[in-house]
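When the letters of the sequence shown are read in order and numbered with numbering that gives the first Met the number 0, they come out as residues 0 to 883.
Built from N, CA and C at the ideal position, the CB exists for glycine as well.
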Amino acid sequence: MLAFHGCNIPDDIIAIHKELDALGEEDKEIATRIKVVRESINALQAIVDVLQSGYYIKSVTSFVDEDGRTGNICSFTNGQEIRIYDGRNAEDGSVPQIGVARNGMDDVYYWTVDGGFVYDDKGNLVPVAPSEGGQVTSQDDMVPQLQIKDGYWFVSFDYGTTWIHVGKATGKDGLDGEDGIDHIISLDTSSEDFVRFVLMDGTSISIPYHKEIRIHFNMDDEEIPIAGRETIKIEYSLTSADSGTYVSVSTDGFYTALSKQTSDLEGYILVTCPRAYSDGFINVMVYTATGVSDMKVIRFTEKKMTLLDGDVYNVPVEGATISVPFKANFEYRLVVDENSRGWLEAVQTRSAQEYSGEIDINVGENTGIARSGIVYIYSENGVDPYASIVINQESAYCKAENGSYDVSYEGGTILSNITTTYGVSLVMPEADWVRGEVIKKGDNEYVLAFTVDPNASEEPRSALVEVNSGSGKIPLTTIALHQRGRNLDLEMGMIFIVRPNYSNDFTVYLPIDVRDDIGIGRYPLDCFIDWGDGTKGEHVSYSDGRWSLPQEERVVSHHYEGLEEGRLFEVVVTGTVSSLNADAIPRGFRSSVTEVKQWGRLGLKSMERAFEAFTGLETLHPDETGAFSEVSSFVGAFRDCPRLKTVSEHLFDYASEAVTFSGVFRNCESLVTIPEKLFSKCRSAEDFSIAFYECRSLSSIPDDLLSNCNNVKTVSFMFGRTSIQSIPERLFSRCPEIEDFSSIFYECRNVRSIPESLFANNRKAKNMEGVFENTAIRYIPEHLFDNCPRVERFSNTFNDCGLLEKIPQRLFDNQRSVVDFTRTFGGCGSIWSESPYTIIGGKKVHIYERKNHPDHFVTPVYNEGCFSCCWQMTDIEDVPAEWK
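Here it is as structure tokens:
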């Protein structure tokens, strides 16, 4: 059956066979002639349709039909197929001189007879198209229509109203078997690029072969590293293309992407990450005139590079080779800034394929004033530098402490030490926001003091100070001051909403960690605080003198003067804060912080007891800046926050390195629900013990709460003493590493049933102590522990389950290494069934008889009160005294 784009022309052959059944033998020859010519016309219609629709030749294959005739089948990319029969070219008069042509006025093809256009009764050209309405439902709807009458061909273009005489149909000049099959279309396949369809009048129509178009990128990885705010360039090439080929890109809604084609076969895509990294992807599609020819998905992973010894190096006058150790997860390239290329050289001492090693930087001798140079580190696809290494080299005339200072938008005083025998004078820039003076400290020693005003604008600003000899004639060095704009600091700052009140004497305390090892050990501290009340900002660092005080006096606090109850302030912390911890804050003064509006990017590494007992804390907003990307511990982070009601499901989106969440929300008694995706990115998490313990308003557990936490090892007491009413069946289905389930549902008194497959994927479980202690369960699923063969402890597992009526007799069949059955069913006074046993050698071996079968069981060491108060149990009289 022939299929045509935009119409449904039925197979002529089927129709002809129906006609043949009604004709006599003398008419079959006429019908066959009509059939052969009509097939050619139908093929011609299909060729025009493909040409005008922009499709291509897919393949050309030979065929032999049921009558022994040969030819070729042409398949097109739109799914159509046509047959072109072999045979000699038709002579004048042997077949109708029917063709197609364009009239020069448009791209539409029209029917021709004997090389001339055909017009309808209104004087319009007859197009090669279906009848009005777009549907061809019968032979009578087809244009043109054919018949042989009195030995001559006739054709009609107006559905049989008028017929045009187009030549002899029989005899030597007509269509006969001896002369072979004449045809109005012949096929030329001599070209590798296209197929040429030749018509009777010598005109031809060429349709190109379809060439597979594929896109290739200048990278091999399926995932490309990218950083927050970064724009990367992904170059691509196409295997082939045509005038209708173009590349389109779409994103997941968070990333932005732009496709730029530089030639027919090449181009690039610019991708920009959100201001903080987020998992994402882009779809790249290659379109041709006929649709999509190729599609690729590019996914992103967070780009990480650590310069292990920092990114600023000071080099003496004589020069040196600096080795910069690093770790990275992406390929990189090095570029020295153009102003430093005469004296600075970056050497690639490790292959760019290796993601750790050293970068060597050769620094030449300095014979002039102090100078600074930069080595930029680009990722392979990076448009802008990902990181940079600053090289400061001393002057031949003086020794300066630093050549560049980064200043917060709040401003402040910068002190810089300098040593020289020439004396010191300053040439200040014209900027009125910075002032400087020289303070003589000792012989040849000076202190340069720069006062920087607050920057009220959102844009950063810089000033360059010239340091000359005392006479002003000899340049010694330069000092650059770079002040950040308020907007940039705020975007990366942590923002607290605080409410000073009478209960805390209008004094706000922030949980900035001030323990002994902060600032000089594992947790650096150097930050600025804008208290939001118009007072001068506060600088907090290890060098500000507070570490000489007792720990309880070091706390970071601010007193708000002359306030009335209820006023809110926005407190902004910028700079570096590696650890939040509330230990040093008196408990009576933890009520002022109501929410953390923004988590910022301060270099946090620990959140242990960060907001413990912050009684005013009500809301936890999402981490949108990657604040928690390096945090390893959330132990007790929000413990004992009685007003905490709202926790964003995106709070831990960047906490992929966090190992422990022990007690993270313990005793948050107003917390009613847990967002289902709260821990969806916490793939390194191992410890959720007491995470929601004593959250007494908590009524439900999301089914997939731990679905991506595949490394969890302990969940002990996780939901103990909550108001949950049911346990999700697949809660632990993707946590195969859990070993400790102890007391996870301890005193969940609204739980009435246990899903049978709850532990189906927890073969490493060892501790089931107190799992369902003091719950309202009535029955225990028979196969509850079937897939937990390593369990060693069942103490208190069902202790004080007063409504429990029956114990599955083979409940512990697969647990042969249990050493502790202390009070497993203690206080279960409603049990009326027999105690659990295992069939060994055709006989029952109850759990209290296991010591008699050392070949099959480990002897339980702890068993006191296993069945205490189980007076209705059918074999209670046989239970040893210590077991009951």
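Review point. Do E409 and the ligand HEM come close, with the Cβ less than 7 angstroms from some heavy atom?
Key: Only the bare structure without any ligand can be found here, which leaves the ligand HEM out of the picture.
From the DSSP secondary-structure annotation, give me the bridge partner or partners of Y375.
Residue pairing by DSSP puts Y375 in a beta bridge opposite V334 and S387.
Item checked: G841 versus R682 - alpha carbon distance -> 47 angstroms
| query | Three or more C-beta pairs closer than 8 angstroms, one from the segment 75 to 82 and one from the segment 221 to 236: is that the case here? | reply | no
### Candidates I281, P315 and D310, of which the one nearest T300 by Cα
I281
Can you name, in chain order, every residue of its own chain whose Cβ lies under 7 angstroms from the Cβ of S698, other than the five neighbours on each side?
V671, S722, I723 and Q724
Handout entry: Selection from F325, G769 and S542 that minimises the alpha carbon distance to C526
Key = S542
message = Considering only the alpha carbon of each residue, which of G574, E229, H845 and S631 lies closest to A657?
response = S631
Discussion item. Within 10 Å of its beta-carbon, does A455 have 16 or more other beta-carbons around it, so buried, or fewer, so exposed?
Written reply: exposed
- Query: Per DSSP, P324 forms a beta bridge with which residues?
  - Reply: E357
**Q.** N- and C-terminal bounds of the beta strand (DSSP E) containing M606
**A.** Neither: M606 is in no beta strand (DSSP E) and is coded neither H nor E.
### Query
So what's K171 in DSSP terms, helix, strand or just coil?
Because K171 carries a pLDDT of 42, less than 50, the predicted location of this residue cannot be relied on, and the following value inherits that uncertainty. Of the three classes helix, strand and coil, the one that applies to K171 here is coil, per DSSP.
> V860 to T821, Cα distance in whole Å?
Replying inline: 9 angstroms
F651, DSSP secondary structure in three states = coil
Exercise for review: From the DSSP output, in three-state form, read off S578 for me.
Suggested key: strand
Margin query: Give me, in chain order, the residues of the same chain whose beta-carbon lies closer than 7 angstroms to that of E728; leave out the 5 immediate sequence neighbours on both sides.
Written below: P754, S756 and L757
Would you say the segment 768 to 781 touches the segment 743 to 754, given that touching needs at least three Cβ pairs under 8 angstroms? Yes, the segment 768 to 781 is in contact with the segment 743 to 754.
So, at 7 angstroms on beta carbons, what are the nonlocal neighbours of Q260 in its own chain, with the 5 sequence-adjacent residues on each side left out? Y245, V246 and G266.
- Query: Which residue's Cα is closest to the Cα of Y54: I689, E211 and N71?
  - Reply: E211
**Request:** May I ask you to report which of helix, strand or coil DSSP gives G587?
**Result:** Three-state DSSP puts G587 in a helix.
Discussion item. Within a Cβ cutoff of 7 angstroms, which residues of the same chain sit near R849, ignoring the five residues on either side of it in sequence?
Written reply: F856, T858 and P859
* Check whether the Cβ atoms of I413 and F449 lie closer than 8 angstroms to each other. => yes
Return yes when the Cβ of E736 is within less than 8 angstroms of the Cβ of K884, no when it is not.
-> This structure leaves residue 884 out entirely; the chain is present only between 0 and 883.
message: Relative to the C-alpha of S205, which candidate in V423, V311 and E191 has its C-alpha closest?
response: Of the listed residues, the one whose Cα sits closest to S205 is E191.
*8 angstroms Cβ cutoff, P315 in contact with chain B*: Absent from the structure is chain B; it holds one protein chain and no more.
Fill in: Proximity of A226 and Y396 at Cβ, strictly below 8 angstroms
Contact flag unset, no.
(message) My assumption, with CB atoms under 8 angstroms, is that S292 sits in contact with V285. Please give the rounded CB distance.
(response) 5 angstroms
Cβ-based burial, Q871 [other Cβ within 10 Å; buried from 16]:
exposed
**Request:** Mark V270 as exposed unless 16 or more other C-beta atoms lie within 10 angstroms of its C-beta, in which case mark it buried.
**Result:** buried
Report the CB separation of V127 from V99 in whole angstroms; it is logged as a contact under 8 angstroms.
5 angstroms
Quick test of the definition: if touching needs 3 or more C-beta pairs under 8 angstroms, does the segment 631 to 644 touch the segment 551 to 570? no
Practice item. With DSSP as the reference, label S540 as helix, strand or coil. Key: strand
(Q) Considering Cα atoms alone, identify which of I231, L307, E668 and P641 is closest to V382. (A) I231
Euclidean distance between Cα positions of I214 and L257: 16 angstroms
Determine the DSSP secondary structure at K680, reduced to helix, strand or coil. coil
Report the three-state DSSP secondary structure of D91 (helix, strand or coil).
-> With a pLDDT of only 45 at D91, under the threshold of 50, the placement of this residue in the model should not be trusted, and no figure is reported.
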